[in-house]
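Trainee: Numbering (our numbering), first residue to last: 105 to 461. Don't be surprised by glycine CBs; every beta carbon is placed ideally from N, CA and C. Have a look at this one before I ask anything.
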């Protein structure tokens, strides 16, 4: 009987100690943002931050790797960080990652801005839809607004205002170590363990932090995937070409179905990234010129015009007046132009053969 009482007492003490330890555990909730900043990203950050606050997290960690994004979404994320009831740490990672353009605002707005070795931050200069500098009165307006936004963040977090302004006015970028010496970040670490140790010291915690990652839902992953200029451009061109094939080879509805699905996904993604209608029209014009080359003896002029219109259209599709660091990659532009020309040339030859028969 005494032995049974001893076992029960031991079990109760173990439960109490376990519960006490869990209650004293310091939790750090984290999320990973890897890609363009969009309204979907803004929603994910707000939901995750609310979950962290609700579960009594001591700190909220954003692991960031982005080339830039939509400015409206960026402002919303910055506002959520500045108004957060718990400290927010932004960790630019992994090694070789970046907090480019819009990512600069998010990183500098954090309570603790941390970077991995080999990462960089900056190049937040506002540009126009072609990627060039904004001219005239609009240049001054955009520049002053962006500089004021960046300055207000730096003053709020006690960062080097002069160096921060240079990321906008001169599109200056900093490596992790340069940013540390310039007073733009609070530390350079290369893994989660070092990050947590740094945060424990900064927050003066008696118990060690435990990292708990909040995973995006399946739908959120889908929207993050669509919110990529490269993927959206592939979807649009694939949809346009498939619809064209359906007109030339009607009856099966396979091409029409696949093309319609691609265009539907493109339209869904266009809700997260601003799309320039002029760019879309130029791409359609390019396809029309390349098709016309098969029926008109232009000695290659229509082909040249089609290629020029295609390149210009792809570059103009995503309106960078409302975004920063968002564009279709140069390598993909070259591949897409060559691929579209090759496909339309092949289709044109098949059509000409059928016409001769």
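Assess contact between the segment 168-188 and the segment 209-222, defined as three or more Cβ pairs (one per stretch) separated by less than 8 Å. Is contact present?
Mentor: The segment 168-188 vs the segment 209-222: in contact.
Trainee: Mark residue 169 as exposed unless 16 or more other C-beta atoms lie within 10 angstroms of its C-beta, in which case mark it buried.
Mentor: With 16 or more Cβ atoms within 10 Å of its Cβ, residue 169 is classed as buried.
Trainee: Indicate the three-state DSSP secondary structure (helix, strand or coil) for residue 199 in the structure shown.
Mentor: Of the three classes helix, strand and coil, the one that applies to residue 199 here is coil, per DSSP.
Trainee: What span of residues does the beta strand (DSSP E) with residue 226 cover, start to end?
Mentor: Where residue 226 is concerned, the enclosing beta strand (DSSP E) stretches over 224-226.
Trainee: If you run the structure through DSSP and keep just helix, strand and coil, what is residue 309?
Mentor: DSSP places residue 309 in coil when its eight states are reduced to three.
Trainee: Looking at C-beta atoms only, is the number of pairs between the segment 215-228 and the segment 272-292 that lie closer than 8 Å three or more?
Mentor: Yes: the two stretches touch, three or more of their Cβ pairs being nearer than 8 Å.
Trainee: How would you write the range of the alpha helix (DSSP H) that residue 414 sits in, first residue to last?
Mentor: Counting along the chain, the alpha helix (DSSP H) containing residue 414 begins and ends at 405-420.
Trainee: Using only the alpha-carbon positions, how far apart do residue 278 and residue 266 sit?
Mentor: Answer to the nearest angstrom: the Cα atoms are 13 Å apart.
Trainee: On a Cα-Cα basis, can you pick out the residue from 293, 411, 384 that is closest to residue 396?
Mentor: Closest by alpha carbon: 411.
Trainee: Between 322, 367, 360, 394, which lies nearest to residue 335 when the distance is taken from Cα to Cα?
Mentor: The residue with the shortest Cα to Cα distance from residue 335 is 367.
Trainee: Decide if residue 263 is buried, meaning its Cβ has at least 16 other Cβ atoms within 10 Å, or exposed.
Mentor: Per the 10 Å Cβ criterion, buried.
Trainee: Indicate whether the contact test is met: 3 or more Cβ pairs, each with one atom in the segment 306-325 and one in the segment 132-141, closer than 8 Å.
Mentor: They touch, by the three-pair rule.
Trainee: Less than 8 Å separating the beta-carbons of residue 292 and residue 281?
Mentor: In contact: residue 292 and residue 281 (Cβ atoms closer than 8 Å).
Trainee: Cβ of residue 438 within 8 Å of Cβ of residue 417?
Mentor: Not closer than 8 Å, so no.
Trainee: Less than 8 Å between the beta carbons of residue 163 and residue 365, yes or no?
Mentor: Cβ atoms of residue 163 and residue 365: not closer than 8 Å.
Trainee: Which value, in whole angstroms, describes the spacing of the CA atoms of residue 132 and residue 373?
Mentor: Cα-Cα distance, rounded: 32 Å.
Trainee: In terms of DSSP beta bridges, what is residue 314 paired with?
Mentor: Residue 314 pairs with 131.
Trainee: Can you list, in chain order, the stretches of the alpha helix (DSSP H) that have 4 or more residues and sit fully within the segment 323-403?
Mentor: Correct list: 333-352, 358-373, 381-396.
Trainee: Please determine, among 357, 405, 384, the residue with the shortest C-alpha to C-alpha distance to residue 510.
Mentor: This structure does not reach residue 510, given that the chain is present from 105 up to 461, and the question cannot be answered.
Trainee: Taking the beta strand (DSSP E) that residue 277 belongs to, which residues open and close that run?
Mentor: That run of the beta strand (DSSP E) goes 277-279.
Trainee: So what's residue 319 in DSSP terms, helix, strand or just coil?
Mentor: Here residue 319 sits in coil by DSSP.
Trainee: Determine the closest residue to residue 204 out of 182, 440, 173, with distance taken between C-alpha atoms.
Mentor: If we check each option's Cα against that of residue 204, 173 comes out closest.
Trainee: For a test of the three-state rule: what should DSSP assign to residue 168, helix, strand or coil?
Mentor: Reduced to three states, the DSSP call for residue 168 is strand.
Trainee: Mark residue 146 as exposed unless 16 or more other C-beta atoms lie within 10 angstroms of its C-beta, in which case mark it buried.
Mentor: With 16 or more other Cβ atoms within 10 Å, it is buried.
Trainee: Among 342, 201, 220, 275, which has the Cα closest to the Cα of residue 369?
Mentor: Ranking 342, 201, 220, 275 by Cα distance to residue 369 puts 342 first.
Trainee: Should residue 361 and residue 347 be called a contact, given that it needs their Cβ atoms to be closer than 8 Å?
Mentor: Against a cut-off of 8 Å, the Cβ pair of residue 347 and residue 361 comes out as no contact.
Trainee: In whole angstroms, give me the CA-to-CA distance for residue 276 and residue 420.
Mentor: For residue 276 and residue 420, the distance between alpha carbons rounds to 24 Å.
Trainee: Out of curiosity, what's the CA-to-CA distance linking residue 220 and residue 188?
Mentor: Roughly 24 Å between the two C-alpha positions.
Trainee: What number of angstroms, rounded off, separates the C-alpha of residue 350 from the C-alpha of residue 152?
Mentor: Approximately 44 Å between the Cα atoms of the pair.
Trainee: I need the boundaries of the alpha helix (DSSP H) containing residue 214, first residue and last residue.
Mentor: It is not in any alpha helix (DSSP H) - residue 214 carries neither H nor E in the DSSP assignment.
Trainee: Straight-line CA distance for residue 198 to residue 296?
Mentor: If I take the Cα positions, the gap works out to 10 Å.
Trainee: Does the separation of the CB atoms of residue 144 and residue 271 fall below 8 Å?
Mentor: Not closer than 8 Å, so no.
Trainee: Does DSSP put residue 190 in a helix, a strand or coil?
Mentor: Coil, per DSSP.
Trainee: Can you give me the start and stop residues for the alpha helix (DSSP H) that residue 143 sits inside?
Mentor: Residues 143-158.
Trainee: State the beta-bridge partners of residue 204 as determined by DSSP.
Mentor: According to DSSP, residue 204 bridges with 226.
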